[in-house]
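In order, the protein sequence lines correspond to chains X and A. With this note's numbering, the residue at position 30 of the first sequence is 35, and numbering never jumps. With this note's numbering, the residue at position 13 of the second sequence is 17, and numbering never jumps. Backbone N, C-alpha and C define an ideal beta-carbon position, used for all residues, glycine too.
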Amino acid sequence: MAQTNPPFMSGVPELLVLRLLARQEMYGYELVKAVRVVTGEAIRLGEGVIYPVLHGLERSGALSARRKPVNGRTRVYYSVTPAGERRLEKLSSEWHRVRNGIESVLESPANA
Amino acid sequence: MPEHGSQFVELEQLLNQAGIVPDSAQRLTEELRDHYEDRYAEAVDAGLRTEQAAAIAWQSLGSPDDIAAVAAQYRELMSVSHRHPLLAGLIQGLAHGVANSVLCVVASPALPVIYCAQRRESIARWSVSAGLAAMLTAGMLLSMQTILGVI
Chain X
6 MAQTNPPFMS GVPELLVLRL LARQEMYGYE LVKAVRVVTG EAIRLGEGVI YPVLHGLERS
66 GALSARRKPV NGRTRVYYSV TPAGERRLEK LSSEWHRVRN GIESVLESPA NA
Chain A
5 MPEHGSQFVE LEQLLNQAGI VPDSAQRLTE ELRDHYEDRY AEAVDAGLRT EQAAAIAWQS
65 LGSPDDIAAV AAQYRELMSV SHRHPLLAGL IQGLAHGVAN SVLCVVASPA LPVIYCAQRR
125 ESIARWSVSA GLAAMLTAGM LLSMQTILGV I
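See below:
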């Protein structure tokens, strides 16, 4: 079974989901494939966990969902709400802060 | 397509046991099933046999415990009793107390009847004995009255 990313990456699924859905409306399976493609397979989510993330974000008002009939099946498409865009902005700035902090540590001399 | 129907039923039960609201658990399971079908179709298109495709599609969903654990991180998906366990416990205790009180009030008139019914043999024996004693006493008194009346 493919390795998924370790637990310290909590919060990352929400950031990725909101960022990708801010570009275009997608359904769950499409979103999982997009995460793999856009991250160059660097991030592999256990595919099933995307759904509780989507439902949790929908319940908190960050996403909206609608059912669309596609080829005889009904798919649930998700898109970002204005509240979701504010949440994305907040998560992005937190991520940049963490990333900059880690880069500072990695770039500092070994004995500093 | 080989079915994993019973495993989806177990998954929904697991989500319910984890405290996910039933509507949310049902919807999660439905979308996971859709995802499974998409994954299965992709694997078959890639040339895999149906059993292999089904196994890969099921494994791609990941561990049901992981799915339940992620869902449990979202309070909005949890039932009221899991979001507020103390309050739910108090309400449940009150409800039991009220139910027991009502039961006592309804049952109390029946208690003497139940008591007597449980001791009916003993009561029957004592009743017969008391009846016989009363008849004997009445007979003696009648005899005495007759004798004293003659004298």
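Neighbouring residues, chain A, relative to residue i (Cβ below 8 Å)
| i | result |
| --- | --- |
| residue 33(X) | 35, 38, 39 |
| residue 16(X) | Near residue 16(X) there are no residues of chain A at all, since even the closest Cβ is about 10 Å away, more than 8 Å. |
Closer than 7 Å: residue i CB and nearest the ligand NAP heavy atom
| i | result |
| --- | --- |
| residue 43(X) | Of ligands this structure carries none, so the ligand NAP is not represented either. |
Buried/exposed call for residue i, threshold 16 Cβ in 10 Å
| i | result |
| --- | --- |
| residue 54(X) | buried |
| residue 33(X) | buried |
| residue 43(A) | buried |
| residue 13(X) | In this predicted model, residue 13(X) has a pLDDT of only 47, less than 50, meaning its place in the structure is not dependable; the value taken from the coordinates is given anyway. By the 10 Å Cβ count, residue 13(X) comes out exposed. |
| residue 52(X) | buried |
| residue 40(A) | buried |
| residue 105(A) | exposed |
| residue 18(X) | buried |
| residue 147(A) | exposed |
| residue 60(X) | buried |
| residue 66(A) | buried |
| residue 95(A) | exposed |
| residue 121(A) | exposed |
| residue 131(A) | exposed |
| residue 64(A) | buried |
| residue 117(A) | exposed |
| residue 26(X) | buried |
| residue 124(A) | exposed |
| residue 24(A) | buried |
| residue 6(X) | No answer about residue 6(X) holds up, because its pLDDT of 37 lies below 50 and its placement is not dependable. |
| residue 8(X) | Because residue 8(X) carries a pLDDT of 43, less than 50, the predicted location of this residue cannot be relied on, and the following value inherits that uncertainty. So residue 8(X) ends up on the exposed side. |
| residue 90(A) | exposed |
| residue 58(A) | buried |
Selection from the options that minimises the alpha carbon distance to residue i
| i | options | result |
| --- | --- | --- |
| residue 88(X) | 22(X), 58(X), 37(X), 66(X) | 66(X) |
| residue 68(A) | 137(A), 118(A), 141(A), 19(A) | 19(A) |
| residue 81(A) | 69(X), 63(X), 91(X) | 63(X) |
| residue 57(X) | 59(A), 63(A), 22(A) | 22(A) |
| residue 71(X) | 47(X), 90(X), 31(X) | 31(X) |
| residue 73(A) | 93(A), 97(A), 128(A), 15(A) | 15(A) |
| residue 83(A) | 29(A), 59(A), 123(A) | 29(A) |
| residue 21(X) | 46(X), 80(X), 93(X) | 93(X) |
| residue 75(X) | 17(A), 38(A), 100(A) | 38(A) |
Chain A contact residues for residue i, given Cβ-Cβ distances below 9 Å
| i | result |
| --- | --- |
| residue 81(X) | 31, 34, 35, 38 |
Where residue i meets chain A, residues with beta-carbon distance less than 7 Å
| i | result |
| --- | --- |
| residue 69(X) | Under the 7 Å cutoff, chain A gives no residues; its nearest Cβ is about 14 Å from residue 69(X). |
| residue 64(X) | 78, 80, 81 |
Beta-carbon neighbours of residue i, restricted to chain X and to distances below 9 Å
| i | result |
| --- | --- |
| residue 49(A) | The premise fails here: residue 49(A) is roughly 14 Å from chain X at the closest Cβ pair, so nothing lies under 9 Å. |
Under 7 Å from the C-beta of residue i: neighbouring residues of chain X
| i | result |
| --- | --- |
| residue 27(A) | None at all; the shortest Cβ gap to chain X is about 10 Å. |
**Request:** Taking only beta carbons into account, state which residues of the region 60–80 of chain A come closer than 9 Å to chain X, listed in chain order.
**Result:** 63, 64, 65, 66, 67, 68, 70, 71, 72, 73, 74, 75, 76, 77, 78, 79, 80
**Message:** Across the region 82–95 of chain X and the region 26–37 of chain A, are there enough close Cβ pairs to call them in contact, namely three or more that are closer than 8 Å?
**Reply:** no
**Request:** Determine contact between the region 93–113 of chain A and the region 44–53 of chain A, defined as no fewer than three beta-carbon pairs at a distance below 8 Å.
**Result:** no
**Request:** With 7 Å as the C-beta to C-beta threshold (strictly closer), list the residues of the region 36–58 of chain X near chain A in chain order.
**Result:** 51, 52, 53, 54, 56, 57, 58
**Prompt:** If we count Cβ pairs, one from each stretch, closer than 8 Å, do we get three or more for the region 9–18 of chain A versus the region 100–111 of chain X?
**Reply:** no
**Message:** Tell me which residues of the region 77–108 of chain X have at least one Cβ-Cβ distance to chain A shorter than 8 Å, keeping chain order.
**Reply:** Taking 8 Å as the Cβ-Cβ cut-off, the region 77–108 of chain X approaches chain A at 78, 80, 81, given in chain order.
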